[in-house]
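In the numbering used here, the protein residues as written are 6 to 113.
Below is the structure:
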């Protein structure tokens with residue numbers, strides 16, 4: 006496994022929210038770049054949202070059942086990936102806030 010050092014020069018004070026935003030943006034990029042998801046994260050999340058909205062309309066005919074079953078299977082996998090990443094991002098935010106509180110003494 007290759008190791009890569011990343012040097013980031015920051016011109017502003019980093020808060021827990023900005024640290025978590027930096028880390029989540031990096032994860033989104035890496036997940037797409039390593040082809041773990043088929044589209045960039047934000048676009049994929051938008052597709053999942055639109056798919057949910059279309060399914061709410063329930064305006065489907067019997068001729069499209071085979072296509073719908075295949076797309077439902079694909080949607081389920083993509084939706085699970087998005088939900089998993091969202092959970093990871095929430096944990097990252099909570100973790101950075103917790104570390105910030107420990108570092109600055111608001112939690113003992």
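We treat Cβ as the ideally placed atom computed from N, Cα and C, and that holds for glycine.
Taken through DSSP and simplified to helix, strand or coil, residue 40 comes out as coil. Burial of residue 50 is indicated by the presence of at least 16 other C-beta atoms within 10 angstroms of its C-beta. Contact annotation: the segment 35 to 44 does not touch the segment 8 to 22, with fewer than three C-beta pairs closer than 8 Å. In the three-state DSSP reduction, residue 47 falls in the helix class (H, G or I).
Here residue 35 is exposed. Its C-beta has fewer than 16 other C-beta atoms within 10 Å. Rounded to whole angstroms, the separation of the alpha carbons of residue 89 and residue 104 is 23 Å. In this structure the segment 19 to 39 lies against the segment 92 to 100, because at least three pairs of beta carbons, one per stretch, are closer than 8 Å. With 16 or more other CB atoms across the displayed protein chains lying within 10 angstroms of its CB, residue 101 is buried. The residue from 111, 39 and 106 with its alpha-carbon nearest to that of residue 21 is 106. Judged by beta-carbon spacing, residue 109 lies beyond the 8 Å limit of residue 80, meaning their Cβ atoms are not closer than that value.
Rounded to whole angstroms, the separation of the alpha carbons of residue 24 and residue 12 is 14 Å.
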